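Protein chains: 2
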Amino acid sequence: MSMKTLDDLFVHFVRDIYYAEKQVLKTLPKMARKADSDNLKDAFEHHREETEGQIENLEKVFEILGLKARGVTCEAIDGILEEGKEIMEEATDADARDAGMIAAAQAVEHYEITRYGTLVAWAKRLGHTKAVPLLQANLDQEYAADRKLSDLAEGGLNKQAA
Amino acid sequence: MSMKTLDDLFVHFVRDIYYAEKQVLKTLPKMARKADSDNLKDAFEHHREETEGQIENLEKVFEILGLKARGVTCEAIDGILEEGKEIMEEATDADARDAGMIAAAQAVEHYEITRYGTLVAWAKRLGHTKAVPLLQANLDQEYAADRKLSDLAEGGLNKQAA
């Protein structure tokens with residue numbers, strides 16, 4: 006697909022994050038099942054529900070752009086999720102596994118934060134005014150999810166693991 | 006390599022970010038050459054110098070841990086840099102290329118921010134007290150680099166691209 010102009014790049018990034026969210030949606034239930042801490046389990050389950058809404062928001066963005074909703078493989082998110090999977094499988098210590106899953110989930114959140122941040126800025130510049138609040142809503146949720154994970158980590162999970 | 010305990014995970018993440026920084030060090034001069042805006046060129050060149058210092062900090066962390074400095078392939082950073090490379094090659098419009106390179110660089114910064122954030126927290130928990138200021142220094146630089154790129158994007162580069 007073309008990446009010549011900012012319009013092209015905008016569409017590419019929407020497809021990239023759409024793919025990423027769909028992969029995350031598939032992975033979160035597995036993480037919730039593997040989580041030892043009930044608070045962490047709840048956080049993953051809650052974020053799975055949020056992710057469904059984020060995917061719907063992205064489908065509305067595709068509609069605004071007059072495009073069919075479809076993703077494009079994002080190697081960054083694949084790499085982050087693959088590493089998270091390895092941690093889930095290999096960490097035999099339950100507390101270390103929880104701490105590792107938090108770290109993997111935060112890497113996902115930060116990837117999404119940077120992409121939505123860019124998309125909000127570009128949507129404004131390109132005059133896609135109706136897309137802005139949809140992308141901003143997703144960005145705000147990712148920030149909140151990242152903060153929640155930091156609180157969980159600092160609130161004791163890491164301490165138990167060490 | 007083992008990822009059973011939090012100690013194992015800590016070492017794995019140090020190796021992961023060491024690999025990432027070395028890849029970034031190789032990529033930044035290419036991005037500086039491709040940048041159209043002089044401010045962006047300067048930002049990439051400045052961050053290349055910072056990255057050299059960050060690699061030295063990580064080598065000190067390896068020394069503290071009594072380990073030989075070596076990286077482990079990080080697919081997340083490879084994916085992010087590969088996408089950045091595609092943007093550099095394909096964006097024919099100079100302003101769009103600059104905007105795309107900023108987005109790619111910010112994805113790198115956010116990956117590093119989340120990893121250093123985790124490493125600082127874990128170093129504290131694991132009692133690697135001497136490693137904490139070295140990892141914190143790198144984290145602070147990545148935050149500052151990300152903010153600088155946001156300022157550059159908002160200060161007109163995106164506007165020109167649209």
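If you're matching them up, the sequences are chains A and B in order.
Okay, so the first sequence: first residue is 6 according to our numbering, each after it adds one.
Okay, so the second sequence: first residue is 6 according to our numbering, each after it adds one.
Backbone N, C-alpha and C define an ideal beta-carbon position, used for all residues, glycine too.
All values reported here derive from a predicted model rather than from experimental measurement.
Our contact map puts residue i next to residue j with C-beta atoms below 8 angstroms; I'd like the distance itself, whole angstroms only.
i        : j        : result
B:THR221 : B:VAL29  : With chain B covering only 6 through 167, there is no way to say anything about residue 221 of chain B.
B:LEU139 : A:ALA104 : That pair is no contact at about 21 angstroms.
A:ILE85  : A:TYR121 : In fact, because the Cβ distance is near 16 angstroms, the residues do not count as touching under 8 angstroms.
B:ALA81  : A:LEU14  : Their Cβ separation, rounded to whole angstroms, is 20 angstroms, which puts B:ALA81 and A:LEU14 out of contact at 8 angstroms.
B:ALA74  : B:GLU64  : 5 angstroms
B:MET36  : B:MET106 : 5 angstroms
A:ASN44  : A:LEU157 : 6 angstroms
B:ALA136 : B:ALA126 : Going by Cβ atoms, the distance from B:ALA136 to B:ALA126 rounds to 12 angstroms, so no, they are not a contact pair.
A:LEU33  : A:HIS52  : 6 angstroms
B:GLU114 : B:GLU147 : 5 angstroms
Check each candidate in the options and name the one with the smallest Cα separation from residue i.
i        : options                              : result
B:ALA150 : B:VAL77, B:GLU54, B:ALA81            : B:GLU54
B:VAL16  : B:GLU68, B:ASN44, B:GLU50            : B:GLU68
B:ILE118 : A:ALA40, A:PHE49, A:GLN111           : A:GLN111
B:GLU159 : A:LYS9, A:ARG130, A:ALA158, A:VAL137 : A:ARG130
B:THR123 : B:LEU144, B:ILE107, B:THR97          : B:LEU144
B:ALA40  : B:ALA96, B:GLN146, B:ILE60           : B:ALA96
A:CYS79  : A:ASP156, A:VAL137, A:GLU26          : A:GLU26
B:GLU94  : B:ARG38, B:SER42, B:GLN146           : B:ARG38
B:TYR24  : B:VAL77, B:ALA126, B:VAL113          : B:VAL77
A:ALA99  : A:LEU70, A:SER42, A:TYR148           : A:SER42
B:PHE49  : B:GLY132, B:LYS31, B:LEU70, B:ASP21  : B:LYS31
A:ALA108 : A:ARG152, A:THR134, A:ALA142         : A:ARG152
B:GLY132 : B:VAL66, B:ILE60, B:GLY89            : B:VAL66
B:ASP184 : B:ILE60, B:ASP47, B:LYS46            : This structure cannot settle anything about residue 184 of chain B, because the visible part of chain B is limited to 6 through 167.
A:ALA142 : A:GLY58, A:LYS46, A:ASP47            : A:GLY58
A:LEU134 : A:ASP47, A:LEU70, A:ASP83            : The identity of residue 134 of chain A in the sequence shown is Thr, whereas the question assumes Leu. Cα-wise, what sits closest to A:THR134 is A:LEU70.
Quick check on residue i: does DSSP put it in helix, strand or coil?
i        : result
A:ALA96  : coil
A:LEU72  : coil
B:THR134 : coil
A:VAL77  : coil
If we cut at 7 angstroms on Cβ distances, does residue i have a partner in chain C?
i       : result
B:MET36 : Of the protein chains in this structure, namely A and B, none is chain C.
> Which of the residues in the region 84 to 95 of chain A, read from start to end, lie with their CB under 8 angstroms from any CB of chain B?
Replying inline: Under the 8 angstroms Cβ criterion, the region 84 to 95 of chain A contributes GLY84, ILE85, GLU87, GLU88, GLU91, ILE92, GLU95.
> In the region 108 to 124 of chain A, which residues sit with their C-beta less than 8 angstroms from some C-beta in chain B, listed in chain order?
Replying inline: Here the close residues are ALA108, GLN111, ALA112, GLU114, HIS115, TYR116, ILE118, THR119, ARG120, GLY122, THR123.
> Where are the alpha helix (DSSP H) runs, 4 residues long or more, that stay fully inside the region 8 to 81 of chain B, in chain order?
Replying inline: With a minimum length of 4 residues, the continuous alpha helix (DSSP H) runs that stay inside the region 8 to 81 of chain B are 11 to 39, 43 to 70.
> Listed in chain order, which residues of the region 127 to 144 of chain A have Cβ atoms closer than 7 angstroms to some Cβ of chain B?
Replying inline: The region 127 to 144 of chain A vs chain B, Cβ under 7 angstroms: TRP127, ARG130, LEU131.
> Any residues in the region 149 to 160 of chain B with a beta carbon nearer than 9 angstroms to a beta carbon of chain A? Which ones, in chain order?
Replying inline: Interface annotation for the region 149 to 160 of chain B against chain A: ASP151, SER155, ALA158, GLU159, criterion Cβ-Cβ distance under 9 angstroms.
> Along the region 68 to 81 of chain B, what residues have a CB closer than 8 angstroms to any CB found in chain A?
Replying inline: For the region 68 to 81 of chain B, which is checked against every Cβ of chain A, the residues closer than 8 angstroms are CYS79, GLU80, ALA81.
>> Using a Cβ-Cβ cutoff of 8 angstroms, what residues of the region 27 to 60 of chain B are near chain A? List them in chain order.
In response: Taking 8 angstroms as the Cβ-Cβ cut-off against chain A, none of the residues of the region 27 to 60 of chain B qualify.
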